Amino acid sequence: MTKGPTGPKGGAGPFFEDFDLGQRIRCPTPRRLGEGEAAAYIALTGDRTPRYSGAAGLVHPLVVFHTVMGQTVRPVSLNARANLGYAGMRWGGPVRLGSVLSTEVEVLGLKENSNRATGIVWVRTTGRDQDGREVLSYVRWVMVRKRGEAPTRWLEAPSVPSVPGPVKARELCLGGLDPLPDLQATGGRHAFEDYAPGERVFHLDGQTVNASDHMAFTRLFQNSARLHFDAVLTHGDPLVYGGYPISLGYAQAFNGFENRLGLAAVNGGAHANPVHAGDTLYSFSEVVEADPLGDAPVGALRVHLYVLKGVEPSTVPALAVRAADGKGYREEVVLDLDLWELVAKRG
Amino acid sequence: MTKGPTGPKGGAGPFFEDFDLGQRIRCPTPRRLGEGEAAAYIALTGDRTPRYSGAAGLVHPLVVFHTVMGQTVRPVSLNARANLGYAGMRWGGPVRLGSVLSTEVEVLGLKENSNRATGIVWVRTTGRDQDGREVLSYVRWVMVRKRGEAPTRWLEAPSVPSVPGPVKARELCLGGLDPLPDLQATGGRHAFEDYAPGERVFHLDGQTVNASDHMAFTRLFQNSARLHFDAVLTHGDPLVYGGYPISLGYAQAFNGFENRLGLAAVNGGAHANPVHAGDTLYSFSEVVEADPLGDAPVGALRVHLYVLKGVEPSTVPALAVRAADGKGYREEVVLDLDLWELVAKRG
Amino acid sequence: MTKGPTGPKGGAGPFFEDFDLGQRIRCPTPRRLGEGEAAAYIALTGDRTPRYSGAAGLVHPLVVFHTVMGQTVRPVSLNARANLGYAGMRWGGPVRLGSVLSTEVEVLGLKENSNRATGIVWVRTTGRDQDGREVLSYVRWVMVRKRGEAPTRWLEAPSVPSVPGPVKARELCLGGLDPLPDLQATGGRHAFEDYAPGERVFHLDGQTVNASDHMAFTRLFQNSARLHFDAVLTHGDPLVYGGYPISLGYAQAFNGFENRLGLAAVNGGAHANPVHAGDTLYSFSEVVEADPLGDAPVGALRVHLYVLKGVEPSTVPALAVRAADGKGYREEVVLDLDLWELVAKRG
Chain A
1 MTKGPTGPKG GAGPFFEDFD LGQRIRCPTP RRLGEGEAAA YIALTGDRTP
51 RYSGAAGLVH PLVVFHTVMG QTVRPVSLNA RANLGYAGMR WGGPVRLGSV
101 LSTEVEVLGL KENSNRATGI VWVRTTGRDQ DGREVLSYVR WVMVRKRGEA
151 PTRWLEAPSV PSVPGPVKAR ELCLGGLDPL PDLQATGGRH AFEDYAPGER
201 VFHLDGQTVN ASDHMAFTRL FQNSARLHFD AVLTHGDPLV YGGYPISLGY
251 AQAFNGFENR LGLAAVNGGA HANPVHAGDT LYSFSEVVEA DPLGDAPVGA
301 LRVHLYVLKG VEPSTVPALA VRAADGKGYR EEVVLDLDLW ELVAKRG
Chain B
348 MTKGPTGPKG GAGPFFEDFD LGQRIRCPTP RRLGEGEAAA YIALTGDRTP
398 RYSGAAGLVH PLVVFHTVMG QTVRPVSLNA RANLGYAGMR WGGPVRLGSV
448 LSTEVEVLGL KENSNRATGI VWVRTTGRDQ DGREVLSYVR WVMVRKRGEA
498 PTRWLEAPSV PSVPGPVKAR ELCLGGLDPL PDLQATGGRH AFEDYAPGER
548 VFHLDGQTVN ASDHMAFTRL FQNSARLHFD AVLTHGDPLV YGGYPISLGY
598 AQAFNGFENR LGLAAVNGGA HANPVHAGDT LYSFSEVVEA DPLGDAPVGA
648 LRVHLYVLKG VEPSTVPALA VRAADGKGYR EEVVLDLDLW ELVAKRG
Chain C
695 MTKGPTGPKG GAGPFFEDFD LGQRIRCPTP RRLGEGEAAA YIALTGDRTP
745 RYSGAAGLVH PLVVFHTVMG QTVRPVSLNA RANLGYAGMR WGGPVRLGSV
795 LSTEVEVLGL KENSNRATGI VWVRTTGRDQ DGREVLSYVR WVMVRKRGEA
845 PTRWLEAPSV PSVPGPVKAR ELCLGGLDPL PDLQATGGRH AFEDYAPGER
895 VFHLDGQTVN ASDHMAFTRL FQNSARLHFD AVLTHGDPLV YGGYPISLGY
945 AQAFNGFENR LGLAAVNGGA HANPVHAGDT LYSFSEVVEA DPLGDAPVGA
995 LRVHLYVLKG VEPSTVPALA VRAADGKGYR EEVVLDLDLW ELVAKRG
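Residue numbers (the working numbering), protein chains in the order written: chain A, 1 to 347; chain B, 348 to 694; chain C, 695 to 1041.
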């Protein structure tokens, strides 16, 4: 007998047919983020952002992100065929070490694909701390496998939501910024005023991805998507969780953004090409917009963070991230993350 | 000169001749288990058990087990040829993060083997916290190398103790169960009442074992048995510590046992076949007995947790864990762990 | 545009021309060392020193060392061609978990090499906790690349400082030793009185170095030197950070020095040959001097800790660490660390 009285257990995860418009799902498992997660994050990424290394006692914004994202894997994306995009991602301010995060998703849109094998699910994801305070919110859309061939009502009558546009600088959370980085202590002489739109910042460090590192990183956030861990399933080459190049690139970007305070928003992100163990990742940033935020002690920089594999971008004059035919990214680009960073002003 | 005034140091570990009946040994090194160990455990196994991920502040029962087991390696099993079995393993209730565990072993039985090269040592292992409270106790028997060829008195007159039978459901520790898992928050709809003897639960997730992961796991628990770490000694293929597949299988078993509270007892365990880096592990559970424990808010399930290498068990109809000739396990089975799990009732 | 208004960012690190005599540099990034770092250190090294595993709540002396060393990489040695030596390294007593360490360097000497491509920089490195208390201090000298070919004044008029000689036993910090190791609980029967100059202690354990382990170790300490991480830059074989064999050897040396209290000083150290992933490391210690420190409850042992690759030193009778021609070390020796260790006395 392989079934219990209430049917088989060991869930194969949600299929497209399991979602409904307006549905709200509490995601397992509430997670406490403490000193252990902070140290493991540094060991797995090399992140050196002063605000998340020293006395402030804060959880790194990307630890918040990966935790929330990991909590949505089981109820949303265990059977995802593709992670199509994010939008409108905003952090709700500092999270103290020791906080316990829980995540809820709400289904915003559904569209069955014409192949009848998959559909697209749009969800609003909201992470909260133990006091119910919102720590992260974003819209994400993923392509999810269908359980069967019978068409759903979302084939003929899809419900496609409007996706948030770029976050505006004035919408960024500026609470809890104290203490600001000490421009003498961070090792970087560049303040907000020193950055200009159009500027490229090369981060120079390369990091070769090891199988253990990317898997430990993904497990740290209790993300259980199978294709990251199973060499049999993936014909010998597990796919690196897309969040790992985000964190490696962000860690590398300390070199050039030493006085950053941590991510405030992500306007969108493209996982342009897959990463596997053995790839060596490099990154650079392109400043798109600089907003002084009035009299605030920090300014906001809108930046594209590009992560590439196998190519050190500072060695390629006028490197183009787009493919020669203008369609999509060149094959070395693995990530294009359109983000808002807060950077301390000179004073 | 390679010896000090009191003889050579750098102990080669105990040999069969070093044990005596009734001998009690305090094991090095008292170990504090805190947030760091909790995070490292999750990063190395992917465990998602809600009780050990969130606000409760408890040490995972398997972290207790591996710590206690690791503490016995140096005084008992550094020269073990084989880990023959465990029995009567019971946890003594929740262990709070920050506890300091110490372990004592008592020699229960001794039998020299007829080959005069090895002998069997039975020990009662008891782990305690800083207040002397028992947190784990079990009987284990191991085959240990002899130092020399001269026979011991345990060749002619072995002392073979009676090994505990299966733990009875009413012997399980039910203290400190609050708060119970919230059946809405765990991501699993199955309560104790939904499990039935004979049922197989497939956990579906596969995990390829990396060299770094199994060694870091074993070092985390200060287990220094050489064959897990030394590629020269092992002709290029260090043996994975048998505790790692226990933890990986238990982590995988969250999928199907989402409302579990953590191991309460182990009746016995067989490390049926060795695991090496590169193996991909899968698991399933077979429910053997379900005891409602009277009016308790949890029930007890006796379960065999099977871990296999290279075979996803849900894809094999009527999979037999025994070898075709009925003698021992089939070669893909690496672990058969006979355990008691407490699971929250519906209400 | 690849430059901002104040020039390019993403620093390529200091070159020889960037240093000046008497210059003081505050190193980024102040780092909090807590339970997470303690657990990660044990997982990555297998260290079992009782004082840093149990209830005492102290940071391992080598965690202090690697943190301070890592903080100096960006301002001093990112472009180092070779790590030439350390001297006069003393720890300032116990560091409590939760301390925040900051590091300052002072340039003591400068000498341009006759090849005009590199120069030697001598620095005094001082690590302090959040109260300004000195936790570690040492002199280090490194060969650093020049930015250009134009000679500096340090070619014609080098300033070569006198380097400290061996630390004297009476200079060792003896504060905060309580509680002393319990000679019954550590698993080692050897007290200070049992060691004698000339004695060799074989530590027996071998550890094969994995790519993930050495990189995670190096990242844990926010050491960003590129050649440890980038397989493209290093033609497929990243160089293991020299601190990793220090920590692995020290962890192995628990077997034979069970009643040690942790490093008190390092007189000098030679990274005799490089280590790469795949190497298996073994170690032994040679006692050079034993100082009872008067009536102190501990004595001081001056010890050379030798780490070798591919050779288990206990299997080689009268193993010589020097090469056959007497010049330098034999090729299997990767580390010769001349240190002072405090060891509990018998009573």
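Glycine included, each C-beta is placed from N, C-alpha and C at the ideal position.
Since we're looking at a predicted model, the values are computed, not measured.
In this structure, how does DSSP classify residue i when only helix, strand and coil are distinguished?
i, result
"Q531 of chain B", "coil"
"G764 of chain C", "helix"
"T846 of chain C", "coil"
"V410 of chain B", "helix"
"H575 of chain B", "helix"
"D237 of chain A", "coil"
"T1009 of chain C", "helix"
"D401 of chain A", "Residue 401 of chain A lies beyond the range of chain A shown here (1 to 347); nothing can be said about it."
"S77 of chain A", "helix"
"T450 of chain B", "strand"
Going by the beta-carbon positions, is the gap between residue i and residue j smaller than 9 Å?
i, j, result
"T118 of chain A", "R81 of chain A", "yes"
"V343 of chain A", "Y250 of chain A", "no"
"S977 of chain C", "Q946 of chain C", "yes"
"G694 of chain B", "E679 of chain B", "no"
"W91 of chain A", "A265 of chain A", "yes"
"F363 of chain B", "R494 of chain B", "yes"
"S224 of chain A", "V73 of chain A", "yes"
"E341 of chain A", "F257 of chain A", "yes"
"R463 of chain B", "P408 of chain B", "no"
"S506 of chain B", "G435 of chain B", "no"
"W362 of chain A", "G85 of chain A", "This structure gives no information on residue 362 of chain A, because the portion of chain A shown stretches from 1 to 347."
Taking CB distances under 9 Å as the criterion, tell me whether residue i reaches chain F.
i, result
"A578 of chain B", "Any reference to chain F falls outside this structure, whose protein chains are A, B and C."
Along chain A, in chain order, which residues have C-beta atoms closer than 8 Å to that of residue i?
i, result
"P397 of chain B", "P28, T29, P30"
"A706 of chain C", "L204"
List the residues of chain B whose Cβ lies closer than 7 Å to the Cβ of residue i, in chain order.
i, result
"Q130 of chain A", "A402"
"V100 of chain A", "G401, A402"
List, in chain order, every chain B residue whose beta-carbon is nearer than 8 Å to that of residue i.
i, result
"S224 of chain A", "G393, R395, D552, N602"
"E1025 of chain C", "Per Cβ cutoff of 8 Å: no residues; E1025 of chain C is ~16 Å from chain B at best."
"T952 of chain C", "According to the sequence provided, residue 952 of chain C is Glu. The question's Thr does not apply to it. By Cβ distance, chain B contributes P375."
"G1004 of chain C", "V579"
For a contact defined as C-beta to C-beta under 7 Å, what are the partners of residue i on chain A?
i, result
"E731 of chain C", "A39"
"K703 of chain C", "H190, V201, G256"
"G937 of chain C", "Per Cβ cutoff of 7 Å: no residues; G937 of chain C is ~14 Å from chain A at best."
At 9 Å on the CB atoms, spell out the chain C contacts of residue i, in chain order.
i, result
"A427 of chain B", "What A427 of chain B touches in chain C: nothing, since even the nearest Cβ is about 15 Å away."
"A265 of chain A", "Chain C residues near A265 of chain A: none, gap ~22 Å exceeds 9 Å."
"P352 of chain B", "E887, D888, Y889, A890, E893"
At 8 Å on the CB atoms, spell out the chain C contacts of residue i, in chain order.
i, result
"P664 of chain B", "Correct list: empty, because the minimum Cβ distance to chain C is about 38 Å."
"G369 of chain B", "Going along chain C, no residue has its Cβ under 8 Å from G369 of chain B, so there is no contact; the nearest lies around 18 Å."
Throw me the rounded Cβ distance for the residue i and residue j pair, which I believe falls under 8 Å.
i, j, result
"E453 of chain B", "R373 of chain B", "Incorrect: roughly 11 Å between the Cβ atoms, too far for contact."
"P30 of chain A", "A402 of chain B", "7 Å"
"L281 of chain A", "V209 of chain A", "6 Å"
"R395 of chain B", "F601 of chain B", "5 Å"
"L444 of chain B", "G479 of chain B", "L444 of chain B to G479 of chain B, Cβ: 19 Å. No contact."
"V668 of chain B", "V650 of chain B", "About 13 Å separates the two Cβ atoms, so there is no contact after all."
How would you list, in chain order, the residues of chain C whose beta-carbon sits under 7 Å from the beta-carbon of residue i?
i, result
"I42 of chain A", "R913, L914, Q916"
"G435 of chain B", "What G435 of chain B touches in chain C: nothing, since even the nearest Cβ is about 25 Å away."
Closer than 9 Å by beta-carbon distance: list the chain B residues that pair up with residue i, in chain order.
i, result
"P238 of chain A", "T555"
Near-chain C residues of the segment 192-221 of chain A (beta-carbon distance less than 7 Å), N- to C-terminal order: Residues passing the 7 Å Cβ filter: D194, Y195, A196, G198, E199, R200, V201, F202, H203, L204, D205, G206, Q207, T208, N210, S212, D213.
Interface positions of the segment 414-425 of chain B facing chain C (Cβ-Cβ less than 7 Å), listed along the chain: Cβ contacts with chain C: R421, P422.
Contact residues within the segment 833-852 of chain C, judged by C-beta distance below 8 Å to chain A: Legend: CB atoms of the segment 833-852 of chain C lying less than 8 Å from CB atoms of chain A are not found in any residue.
Members of the segment 872-887 of chain C that neighbour chain B once the beta carbon cut-off is set at 7 Å: Taking 7 Å as the Cβ-Cβ cut-off, the segment 872-887 of chain C approaches chain B at Q878, A879, T880, G881, H884, given in chain order.
Against chain B: residues of the segment 965-981 of chain C by CB proximity under 7 Å: Residues of the segment 965-981 of chain C with a C-beta less than 7 Å from any C-beta of chain B: T974, listed in chain order.
Contacting positions in the segment 982-994 of chain C - beta carbon closer than 7 Å to chain A: Correct list: empty, as no residue qualifies.
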